[in-house]
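Notes follow once the structure below has been shown.
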Amino acid sequence: MFFSGDPVLQRNFLLLLLQTAWIRAPVNGYQECEMELELQQEKIKCIEFLTTVQSVNHSGCNGTWDNVTCWRPAKTGETVTVSCPKIMTNAYRKTGTISKNCTNSGWSNIFPDIHRTCGHTNDDNEENEFYVILKVIYTLGHSTSLIALTTGSAILCLFRKLHCTRNYIHLNLFLSFILRAISVLVKDDILYSSIFYCPNEGQYWVSCKAVLVFFQYFVMANFYWLLVEGLYLHTLLVVTFSYRTHITIYFAIGWGIPTIFTIGWIISRVYLEDIGCWDTNGHRFPWWLIRTPILCSIIVNFLLFIHIVRILLQKLSPPNVRGSDQSQYKRLTKSTLLLIPLFGIHYIVFAVLPIPFSTKVQLFFELGVGSFQGLVVAVLYCFLNKECVSFLGARRVEKEVAQYAAEPVPGP
């Protein structure tokens, strides 16, 4: 680290780092270490610049790097004005200038206030608070989903009578949600737990990149297992299903396709943007290499959803049945609502449809509400599943009967 000199500047730097962390973090978790590296690069440029300019005499102020921006040498009584620091310009998208006076006792404090001039306002405080609350919400969502999905997976694994193709696919979907939740929580811990710890060792960056690789893979795998659920249900409704023919294909889609694109993403990062922890999006190609297959899975799943709803409507409305429209539409509505979390249809609203939502609304639904999707899926397709409930109920009755039979019969 390079906290040296004026303690006021040190506190300003710490505050700046905290503030810009949340402004730049909402989508990809822009890491505090990356911002420090950016400042280190600016510091190096400043030192190189100061070596090329002439120093002032004893009555002036030497050029300096104050942990925020670079100041050239100045004569006593001179005012030096510079543009806002690059890190603040990138974070707040505002431009402005700040100044210092060279006095007999050295450099004055920065004026006007750097936070007001270069971007930090009360609105930014509210925005920072929103991101803090959002992080708490999706951490809670992933944690509760993790507990529910782990319990549901144990139920599907332990009881042989529940072993079937449908539940095998459910189990892999549960696993993808579990791995996604774990990767999100681990990524956040890696990127945010040590705010002012930015190591120079390559080993740290390798492990940090590995966390981001698994994060990207498990997120994409989760979308593709949602797609597999849609394909499986569509297959059951439309064509004759063969376990031996299709189960391998489903595994290849759910785990194989994300593997291919993740490997491509790794190669593109190595050659195009091998920076820090791989959590930046300076080059668009690696970002689209992850985004495109996810968008394709969402679109295909949406089309399957529409077709399945049409099939359900036809099945619930036979031509010879009259007078039961209300109950039919209730059944259709229930079936449709159950399909939404299973297919992840809510993603289509923000991913494809040209609806002008604000960034906060989109982030709230994608990160906040989306983090509870695993919980909803576990509840609907395990804990409220009639097959699972009846089987667990039968097991409980058998256990109670066995306990009753084992009790000694009282004598006369």
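Numbers -29 to -1, 1 to 383, taken from mature numbering (1 follows the signal peptide of the UniProt record, and there is no 0), label the letters of the sequence shown in order.
Built from N, CA and C at the ideal position, the CB exists for glycine as well.
Computed from a prediction, not measured in an experiment: that's the story for all the values here.
Residue from the options whose Cα sits closest to the Cα of residue i
i	options	result
residue 36	15, 51 and 24	15
residue 346	151, 232 and 222	151
residue 155	274, 62, 187 and 77	187
residue 54	46, 280 and 81	81
residue 318	357, 257, 262 and 131	262
residue 47	38, 39 and 76	76
residue 10	19, 42, 239 and 57	57
residue 85	101, 67, 102 and 100	67
residue 256	240, 123 and 270	240
residue 157	70, 65, 114 and 74	114
residue 333	134, 87, 52 and 101	101
residue 99	122, 178 and 331	331
residue 38	271, 13, 210 and 132	13
residue 343	18, 83 and 118	118
residue 357	133, 62 and 177	133
Expected contact under 8 angstroms - CB spacing of residue i and residue j to nearest Å
i	j	result
residue 203	residue 268	In fact, because the Cβ distance is near 14 angstroms, the residues do not count as touching under 8 angstroms.
residue 8	residue 253	Wrong, their Cβ atoms sit about 13 angstroms apart, outside the cutoff.
residue 161	residue 182	5 angstroms
residue 244	residue 251	7 angstroms
residue 235	residue 260	5 angstroms
residue 354	residue 123	7 angstroms
residue 220	residue 264	Going by Cβ atoms, the distance from residue 220 to residue 264 rounds to 17 angstroms, so no, they are not a contact pair.
Beta-bridge partners of residue i, as assigned by DSSP
i	result
residue 53	69
residue 82	70
residue 77	74
residue 41	36
Residue interval of the alpha helix (DSSP H) (run including residue i)
i	result
residue 235	228 to 243
residue 277	255 to 286
residue 348	344 to 349
residue 334	330 to 334
Proximal residues to residue i (C-beta, below 7 angstroms), its chain only, five neighbours per side dropped
i	result
residue 72	50 and 79
residue 237	184
residue 148	116, 120, 193, 345 and 348
residue 278	205
residue 226	192
residue 40	53 and 56
residue 273	316 and 319
Contacting residues, own chain, Cβ-Cβ under 8 angstroms from residue i (five flanking each side not counted)
i	result
residue 373	At residue 373, the pLDDT of 47 sits below 50, so the modelled position is not reliable and the matter cannot be decided from this model.
residue 44	21, 24, 25, 26, 27, 31, 32, 33 and 34
residue 137	203
residue 224	195, 198, 199 and 202
residue 64	90
Own chain residues within Cβ distance below 6 angstroms of residue i, not counting five before or after
i	result
residue 339	105, 108 and 109
residue 59	89 and 90
residue 249	180, 183 and 240
residue 52	68 and 70
residue 208	282
residue -4	Confidence in residue -4 is poor, its pLDDT being 37 and thus under 50, which makes the residue's placement unreliable; the coordinate value appears in the next sentence. If we look at residue -4 and ignore the five residues flanking it on each side, its Cβ neighbours are 102 and 334.
residue 128	none
residue -24	Residue placement at residue -24 is flagged as unreliable, the pLDDT there being 46, under the threshold of 50; a coordinate-derived value is accordingly withheld.
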